[in-house]
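A quick write-up on the structure given underneath.
Put into structure tokens, the structure is as follows:
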């Protein structure tokens, strides 16, 4: 959920009965990871591109059934596919440099669901009516 300040986060944490919170803010905006699992390592960075505001990234390492996994939450640029691609490349490089688990989960708002972002085949798959 997008938020212009971090105050709403406390309300969400309390309502969901979450015990762990990791946050990375840039000005009034940021990304959060909420979990009931212990966050063993917190990773923070910012993505930057020309003509785009800095985008905070938050990562956390968790143990699930004796396996470590690092979860990254991202919110990419909403104006430019070119900037989103640059930000993703920065993020992948960052993950390769800092994540030691080998298991990654990338979640967030990728801001990329428009026709121009996909090949004809990909778009056809995405927009094909689903049978129930």
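Residue numbers (the numbering used here): 4 to 135. Every residue gets a Cβ at the ideal spot worked out from N, C-alpha and C, and that includes glycine. Source: prediction; values computed, not measured.
query                                                                                                       : result
At least 3 beta-carbon pairs within less than 8 Å: the region 34-44 vs the region 64-71                     : yes
Candidates 53, 57, 75, 123, of which the one nearest residue 36 by Cα                                       : 75
Cβ neighbours of residue 110 in the same chain (closer than 6 Å, five flanking residues each side left out) : 76
Under the three-state DSSP convention, the category residue 53 falls into                                   : coil
Reduced DSSP category for residue 114 - H, G, I as helix; E, B as strand; rest coil                         : coil
Residue 124 burial status per 10 Å Cβ neighbour count (16 or more: buried)                                  : exposed
Alpha-carbon spacing of residue 81 relative to residue 90, whole angstroms                                  : 11 Å
Distance between residue 52 and residue 114 (C-alpha atoms, nearest Å)                                      : 15 Å
CB-CB length for residue 61 against residue 108, believed under 8 Å                                         : At roughly 13 Å, the Cβ-Cβ gap does not stay under 8 Å, so residue 61 and residue 108 are not in contact.
Span separating the alpha-carbon of residue 70 from that of residue 99                                      : 18 Å
Whole runs of the beta strand (DSSP E) within the region 82-112, excluding any shorter than 3 residues      : 107-112
DSSP state of residue 124 mapped onto helix, strand, coil                                                   : helix
Helix, strand or coil at residue 129 according to DSSP, with G and I counted as helix                       : helix
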